[in-house]
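In UniProt numbering, the protein residues as written are 1 to 703. Remarks on the structure that follows.
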């Protein structure tokens, strides 16, 4: 548990976030506030609420906590999506204040009441990062109707001290408790799209009492100040002239009891759990399996140079890089995992540089490690190669080839000119009830135009950043809930319905039915609550069994989604090739901006050995057939991943032969990632080809 300094404005949000901090077991050790210079009642600030600042001293007295105050000297100089240190900016006043507090008392985290403002959250996180502090933002992305009701029922007594919205009148509404305007704000949400909690500046509040207060604040005298007498949305605020604190009844000071009786709407005990019969081995007839099949490779001479060469291919403005291996020994000398990681990402960085790109352009990275115990050490080196808003990422443990500790593939968006600004990233570092904060150097999601790449999602309980208890039955729906919330926060209206394809990594084949049930239940719920008539899309999901996942997780979802109104076209075929058979599942997506195509080609066999050459002939034919049928070409291939069950073939021989086969297919050989796994979805599946193509509706992804 952490010692917390609470950033307070006097309003309901910063107050309720303090309550959430205490409910999570943290201790509020001090309060912090920034005030305007001189006798100014209100400052036009992007960062801070200043109306009511002259009553903040009473706030500290009511809580019986030390209050540290600073003065806002700067202004909103850097208004970009990414904040960079600027001595003239008002953000630096917050840095100076917290730095000063840190020199006086020990604390670990900062409490902030941000709900929707990326502007505020990003800047608080920036300051916290510089000072080695955690940001606690438990209200982040909460449903505002639910949240305001929760504040009221939890005993937050706050009044409106500023109004600035249609149908809010300074004469009628200033000084009213939030409980009295709750129903009105809900109506204004339906009528105008207003923010129920006032996140759009509709109103501001001052808290007079809450369960954390040892004394309550009483207003003796105030006056209304009309800032703008607009006919439709007049602006006015309260100026406090005289106030005092008074003792509360003893039974109303027991804050822990009060908080226990008012659980957050995002509480862990409200998570839906899948029925436990989905894991019944006997009912499903699932057993751990070991295949004795061999996929033979016949070429006489192995081209060893491929082992040290990064493969890359282009798709419009995208560059896909694969074949990036971190070898444990170099010239006979065994390397530490940090050195292996450094070599991998230095090589990747150099290759990107030669292609006039960089890791800062990264959309997603798959980081495969031989030993998950090395996760922290790998992260410590990996983050040195990244700047702000890093790529989305999935980290998986694999039984990598001998002498390989790390394997990486990477997709970057390397556009030039105006298109270079199209890349977006959601990089939330604050701990909240929303979704897990970053536990490593990655973004929750990245986006270009209408396409979203979501990081691997595991069953972390966001507010505590610990794995949820209850095993796969709770991890599966919770981790999918994170994906849903991330897509929703990116304004992807249909959320999970917009998933084109994805990978579900599991640590046991027994869990496959649970994962499939979680996926179908989540989609069913989304379809039932959908505001459109888009049907019941399912996305194309691959279920992959691997040795281990981060944090000891049992399941990890990694998806690609496409927003906007579009059509899904599904297809599933199978063909017998004698010693093996193939099952092809595909999805074609026609959107307003891009059209996409994803396919899974599963190679199945029960007993007979066969050659990889035969498989590759079949794959290439299927690839050509699928692309031409949906009006794509190999130039639209964004990435290709080939999973195979460990032990069925030699990794390096297979990589060489696959590369040779692709060389005979196209002038530009598509890069591919060859990935050894423990098992695939079906017991008799030995290989799985997964590929994704995309083209702009105007003909070029570069346009």
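We put the beta carbon where it would ideally sit given N, CA and C, even for glycine. This structure is a prediction, so every number in the text was calculated from the model and none was measured.
Span separating the alpha-carbon of residue i from that of residue j
{"i": "residue 90", "j": "residue 142", "result": "27 Å"}
{"i": "residue 520", "j": "residue 477", "result": "10 Å"}
{"i": "residue 82", "j": "residue 362", "result": "16 Å"}
{"i": "residue 279", "j": "residue 639", "result": "With a pLDDT of 49 at residue 279, under the threshold of 50, the predicted position of this residue should be treated as unreliable, and no value is reported."}
{"i": "residue 224", "j": "residue 157", "result": "20 Å"}
{"i": "residue 312", "j": "residue 366", "result": "15 Å"}
{"i": "residue 287", "j": "residue 679", "result": "Residue confidence for residue 287 is low, a pLDDT of 39 falling below 50, so the modelled location carries little weight and cannot support an answer."}
{"i": "residue 233", "j": "residue 204", "result": "15 Å"}
{"i": "residue 494", "j": "residue 526", "result": "7 Å"}
{"i": "residue 364", "j": "residue 618", "result": "29 Å"}
{"i": "residue 371", "j": "residue 188", "result": "54 Å"}
{"i": "residue 436", "j": "residue 168", "result": "36 Å"}
{"i": "residue 467", "j": "residue 118", "result": "26 Å"}
{"i": "residue 538", "j": "residue 10", "result": "46 Å"}
{"i": "residue 380", "j": "residue 386", "result": "11 Å"}
{"i": "residue 105", "j": "residue 4", "result": "11 Å"}
{"i": "residue 389", "j": "residue 359", "result": "10 Å"}
Local conformation of residue i per DSSP, three classes
{"i": "residue 87", "result": "coil"}
{"i": "residue 6", "result": "strand"}
{"i": "residue 36", "result": "coil"}
{"i": "residue 557", "result": "strand"}
{"i": "residue 445", "result": "strand"}
{"i": "residue 182", "result": "helix"}
{"i": "residue 213", "result": "coil"}
{"i": "residue 58", "result": "helix"}
{"i": "residue 326", "result": "strand"}
{"i": "residue 420", "result": "helix"}
{"i": "residue 285", "result": "In this prediction, residue 285 scores a pLDDT of 35, lower than 50, which makes its location untrustworthy; the coordinate-derived value is nonetheless stated afterwards. Note: residue 285 maps to coil in three-state DSSP."}
{"i": "residue 434", "result": "coil"}
{"i": "residue 465", "result": "coil"}
{"i": "residue 1", "result": "coil"}
{"i": "residue 316", "result": "coil"}
{"i": "residue 579", "result": "coil"}
{"i": "residue 511", "result": "helix"}
{"i": "residue 295", "result": "strand"}
{"i": "residue 390", "result": "coil"}
{"i": "residue 673", "result": "strand"}
When the options are compared against residue i, the one with the closest alpha-carbon
{"i": "residue 404", "options": "431, 334, 420", "result": "334"}
{"i": "residue 592", "options": "573, 568, 611", "result": "568"}
{"i": "residue 322", "options": "296, 329, 349", "result": "349"}
{"i": "residue 67", "options": "380, 34, 489", "result": "34"}
{"i": "residue 177", "options": "189, 210, 200", "result": "210"}
{"i": "residue 557", "options": "71, 191, 487, 394", "result": "394"}
{"i": "residue 573", "options": "602, 548, 551, 636", "result": "602"}
{"i": "residue 470", "options": "340, 275, 96, 646", "result": "275"}
{"i": "residue 14", "options": "175, 161, 206", "result": "206"}
{"i": "residue 315", "options": "677, 671, 683, 190", "result": "671"}
{"i": "residue 442", "options": "246, 424, 608", "result": "424"}
{"i": "residue 626", "options": "152, 560, 597, 8", "result": "597"}
{"i": "residue 98", "options": "46, 135, 448", "result": "135"}
{"i": "residue 6", "options": "189, 345, 56, 168", "result": "56"}
{"i": "residue 100", "options": "69, 686, 595", "result": "69"}
{"i": "residue 550", "options": "160, 245, 368", "result": "368"}
{"i": "residue 687", "options": "624, 295, 309", "result": "295"}
{"i": "residue 605", "options": "631, 578, 623, 218", "result": "578"}
{"i": "residue 444", "options": "433, 457, 246, 432", "result": "457"}
Per DSSP, the bridge partner or partners of residue i
{"i": "residue 70", "result": "34"}
{"i": "residue 548", "result": "397"}
{"i": "residue 680", "result": "544"}
{"i": "residue 504", "result": "543, 557"}
{"i": "residue 691", "result": "599, 640"}
{"i": "residue 411", "result": "320, 364"}
{"i": "residue 457", "result": "557"}
{"i": "residue 572", "result": "585"}
{"i": "residue 163", "result": "203, 236"}
{"i": "residue 244", "result": "218"}
{"i": "residue 333", "result": "330"}
{"i": "residue 425", "result": "446"}
{"i": "residue 406", "result": "326, 369"}
{"i": "residue 489", "result": "According to DSSP, residue 489 bridges with nothing at all."}
Item to check | Contiguous alpha helix (DSSP H) assignments of at least 4 residues, all confined to the stretch 72-159 | outcome: 91-102, 118-131, 144-153
Next on the checklist: Give the list of continuous alpha helix (DSSP H) stretches no shorter than 4 residues that lie fully inside the stretch 593-645.
Outcome noted: At a cut-off of 4 residues, the continuous stretches assigned as alpha helix (DSSP H) that sit fully inside the stretch 593-645 are 612-629.
Next on the checklist: Threshold first: 3 residues or longer. Then list the beta strand (DSSP E) segments lying entirely within the stretch 217-241, N to C.
Outcome noted: Unbroken beta strand (DSSP E) runs of no fewer than 3 residues, entirely contained in the stretch 217-241, are not found.
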